[in-house]
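**Student:** According to our numbering, the sequence shown is numbered sequentially starting from 96.
Ideal placement from N, C-alpha and C gives every residue a C-beta, glycine not left out.
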Amino acid sequence: MLAVLDGPVRVAYDLVTGLASALHPLTGDLSAALAIVVFTAGVRLAPHPLTRRQAAADRARRRLAPQVGALRERHRDDPLRAQQEVTALYRAEGTSAFAGIGPALVQMPVFAVVYRLFLSPAVGGHANLLLADTLFGVPLGSRWLTSAGAFGPHGLVFLALFVLLAAVAWWASRRMHTGQAIPAGPAGRVMRLLPFGTVAIAAYVPLAAGLYLLTSTAWSTAERALLWRGGASG
Numbered sequence: 096m097l098a099v100l101d102g103p104v105r106v107a108y109d110l111v112t113g114l115a116s117a118l119h120p121l122t123g124d125l126s127a128a129l130a131i132v133v134f135t136a137g138v139r140l141a142p143h144p145l146t147r148r149q150a151a152a153d154r155a156r157r158r159l160a161p162q163v164g165a166l167r168e169r170h171r172d173d174p175l176r177a178q179q180e181v182t183a184l185y186r187a188e189g190t191s192a193f194a195g196i197g198p199a200l201v202q203m204p205v206f207a208v209v210y211r212l213f214l215s216p217a218v219g220g221h222a223n224l225l226l227a228d229t230l231f232g233v234p235l236g237s238r239w240l241t242s243a244g245a246f247g248p249h250g251l252v253f254l255a256l257f258v259l260l261a262a263v264a265w266w267a268s269r270r271m272h273t274g275q276a277i278p279a280g281p282a283g284r285v286m287r288l289l290p291f292g293t294v295a296i297a298a299y300v301p302l303a304a305g306l307y308l309l310t311s312t313a314w315s316t317a318e319r320a321l322l323w324r325g326g327a328s329g
């Protein structure tokens with residue numbers, strides 16, 4: 096991992112452990128797991144205004160798609176002119192072909208920091224004590240495929256995580272047609288199966304990272320269901 100992430104990872108570590116300490120009087124041994132959920136929700140809430148703009152931009156692009164197609168057909172022999180006309184159309188409507196990429200750009204470094212936090216045995220030169228905390232007796236640093244109790248009582252915690260991830264993936268797959276075009280045939284079927292990749296990822300990463308993945312994907316799917324239904328404004 097890049098050393099440039101060390102500082103942000105330490106900040107994230109302090110935030111999560113601080114949340115866990117604050118929650119402990121109320122939630123006891125569940126405090127660390129709940130702190131991960133609360134922290135993830137906060138991370139996903141921060142770029143929400145950008146996500147609302149992305150939803151508005153996507154709706155505008157879908158609405159303008161017939162006009163864009165007509166312009167490209169009209170100037171099919173002059174691609175440069177076609178692009179200029181399309182750009183002018185988007186500008187007149189207050190959007191662009193690249194509007195709304197902000198949330199993805201913001202989440203990329205956050206994703207890197209959070210996953211390093213949950214994958215690193217040490218943070219800032221000290222043991223990552225967060226991974227020593229437990230969820231129903233299962234250490235947050237344990238991994239399902241390498242855990243001695245993968246198919247024992249501890250495995251039930253991972254099984255519950257996998258079931259929840261699969262449920263969110265099913266929801267995301269059902270809603271995937273909203274806001275984007277899904278091709279017919281094998282390509283479309285593959286795209287609809289992609290959300291279920293989170294279950295496979297969770298089988299390899301520590302339980303703490305699995306909780307982050309569950310919270311983040313559930314947030315994304317709920318956000319898309321709310322904003323891409325046509326009710327959000329820019």
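The alpha helix (DSSP H) with Asp-124 in it runs from where to where?
**Tutor:** Asp-124 -> no alpha helix (DSSP H), and no H or E assigned at all.
**Student:** Leaving out five residues before and five after Gly-309 in sequence, what residues of the same chain have Cβ atoms less than 6 Å from its Cβ?
**Tutor:** Residue identity check: residue 309 is Leu in the sequence provided, not Gly. For Leu-309, where only same-chain residues beyond five positions count, the Cβ hits under 6 Å are Leu-259, Leu-260.
**Student:** At the level of alpha carbons, what is the spacing between Leu-87 and Pro-290?
**Tutor:** Since the first and last residues shown for the chain are 96 and 329, residue 87 lies out of range.
**Student:** Would you identify the three-state DSSP class for His-221, choosing helix, strand or coil?
**Tutor:** Note: His-221 maps to strand in three-state DSSP.
**Student:** If you count every other CB in all the chains shown that lies within 10 Å of the CB of Ala-115, and 16 or more means buried, which is it?
**Tutor:** Result: buried.
**Student:** What is the DSSP secondary structure of Pro-142, reduced to helix, strand or coil?
**Tutor:** The answer is coil: DSSP assigns Pro-142 none of H, G, I, E or B.
**Student:** Using beta-carbon positions only, say whether Arg-211 and Val-104 come within less than 8 Å of one another.
**Tutor:** Yes, Cβ-Cβ distance for Arg-211 and Val-104 is below 8 Å.
**Student:** What separation, rounded to the nearest whole angstrom, lies between the Cα atoms of Ala-128 and Leu-302?
**Tutor:** Near 9 Å, if we compare the C-alpha coordinates of Leu-302 and Ala-128.
**Student:** Excluding the five sequence neighbours on either side, which residues of its own chain have a C-beta within less than 8 Å of the C-beta of Val-263, listed in chain order?
**Tutor:** Correct list, in chain order: Pro-290, Thr-293, Leu-309, Thr-312, Ala-313, Thr-316.
**Student:** Only counting the same chain, and skipping five residues up and downstream in sequence, which positions put a Cβ closer than 8 Å to that of Val-208?
**Tutor:** Cβ neighbours of Val-208 beyond the five flanking positions: Leu-100, Pro-103, Val-104, Ala-107.
**Student:** For Ala-183, which of His-249, Gln-162, Arg-319 has the nearest alpha-carbon?
**Tutor:** Nearest C-alpha to Ala-183: Gln-162.
**Student:** According to the Cβ coordinates, are Phe-246 and Ala-297 closer than 8 Å?
**Tutor:** Contact flag unset, no.
**Student:** Enumerate in chain order the residues of its own chain whose CB-to-CB distance from Thr-122 is below 8 Å, with the five nearest sequence positions on each side excluded.
**Tutor:** Excluding residues within five positions, the ones whose Cβ falls inside 8 Å are Leu-129.
**Student:** Pull the bridge partners of Thr-229 from the DSSP assignment, please.
**Tutor:** Bridge partners of Thr-229: Pro-234.
**Student:** Please tell me whether Leu-125 and Leu-230 are closer than 8 Å, where the distance is taken between their beta carbons.
**Tutor:** Their beta carbons are under 8 Å apart, which means Leu-125 touches Leu-230 by this criterion.
**Student:** Can you tell me where the alpha helix (DSSP H) with Leu-254 in it begins and where it stops?
**Tutor:** Element bounds for Leu-254: 250-269.
**Student:** If you draw a straight line from the alpha carbon of Leu-240 to that of Ala-187, how long is it in whole angstroms?
**Tutor:** So the two alpha carbons sit approximately 54 Å from each other.
**Student:** Buried or exposed: which applies to Glu-318, given that a residue is buried once 16 or more other Cβ atoms fall within 10 Å of its Cβ?
**Tutor:** So Glu-318 counts as buried.
**Student:** Compute the distance between the beta-carbons of Ala-177 and His-170, then report whether it is under 8 Å.
**Tutor:** Cβ distance < 8 Å, so Ala-177 and His-170 count as in contact.
**Student:** Take the Cβ of Ala-150 as the centre, count every other Cβ of all protein chains shown within 10 Å, and call the residue buried at 16 or more, exposed below.
**Tutor:** Buried, by the Cβ-count rule.
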